[in-house]
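So the structure is just underneath, and the comments pick up after that.
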Amino acid sequence: MMKAHHLALIPALALAVSACASTSGSGGGGGGGRVNGVFGSVNLQAGFTPDPYRVNVVAGGTYESARELGTQCRGWTTGDGTYVLYYTAGQYPLTISATSDTDTTLIVGLPGGGFLCDDDSGPGLNPQVTINRPGSGGYAIWVATYSSGQMAPATLSISEIGQR
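Take the sequence shown: its letters are residues -21 to -1, 1 to 143, numbered as in mature numbering (1 follows the signal peptide of the UniProt record, and there is no 0).
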């Protein structure tokens, strides 16, 4: 089940993403202040194509997110964040999901602060976070593994039409 948290930030990335997005204009696409995740970043505007936008990543790491965010935000990931979405919102809900053959979780740092976390809301053991009224700005995304010691290939999907 998806839980919202306004606890301490996972290292400085979520704060840096939020600050860069607010100082460099619409969605942080101004270039100079962009922060990247381990697997990069993307600037998307409402109505983007292709939808879903997909990127291959590796889930997992040595950082236990529950230490920082509580047990509702389980997972093992990198402290630096997997991917960063700079988003210019419109009228559509925003869905962020991950698929993998391994049990994965998602942690999404919101532009205004706070986090949304999910374990198994997508198909099978895959996580999915849907934000019905997303704000414009930077979203720091961590694709984590449920169990420690695992690194697994995963596909991160970002959609305005839901998971596919």
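Each residue gets a CB set at the ideal place from its N, CA and C atoms; glycine is no exception.
Residue i vs residue j beta-carbon contact at 8 Å
i	j	result
Thr124	Ala38	yes
Thr61	Asn105	no
Ala133	Val21	no
Pro95	Val122	Reading off the sequence shown, one finds Leu at residue 95, where the question assumed Pro. Cβ atoms of Leu95 and Val122: not closer than 8 Å.
Ile140	Asp30	yes
Exposure label - residue i; buried when at least 16 CB within 10 Å
i	result
Ser127	exposed
Residue from the options whose Cα sits closest to the Cα of residue i
i	options	result
Phe27	Thr56, Gly69, Trp55, Phe18	Gly69
Gly116	Glu43, Asp97, Thr67, Thr50	Thr67
is_contact[residue i, chain B] using C-beta, thresh 8 Å
i	result
Glu43	In the displayed structure, chain B is absent; only one protein chain is listed.
Helix, strand or coil at residue i according to DSSP, with G and I counted as helix
i	result
Ala123	strand
Ala45	helix
Gln70	coil
Gly16	strand
Ser5	Residue placement at Ser5 is flagged as unreliable, the pLDDT there being 38, under the threshold of 50; a coordinate-derived value is accordingly withheld.
C-alpha gap between residue i and residue j, whole angstroms
i	j	result
Thr57	Val63	13 Å
Gly114	Pro90	7 Å
Tyr65	Cys52	22 Å
Gly88	Thr81	22 Å
Pro72	Ser136	14 Å
Ala45	Gly93	14 Å
Gly103	Gln24	29 Å
Thr83	Gly54	7 Å
Gly16	Asp99	23 Å
Ile75	Gln107	6 Å
Thr41	Ser138	28 Å
Cβ-heavy atom distance, residue i to the ligand NAD, below 7 Å
i	result
Ser44	Although the ligand NAD was asked about, the structure shown includes no ligands whatsoever.
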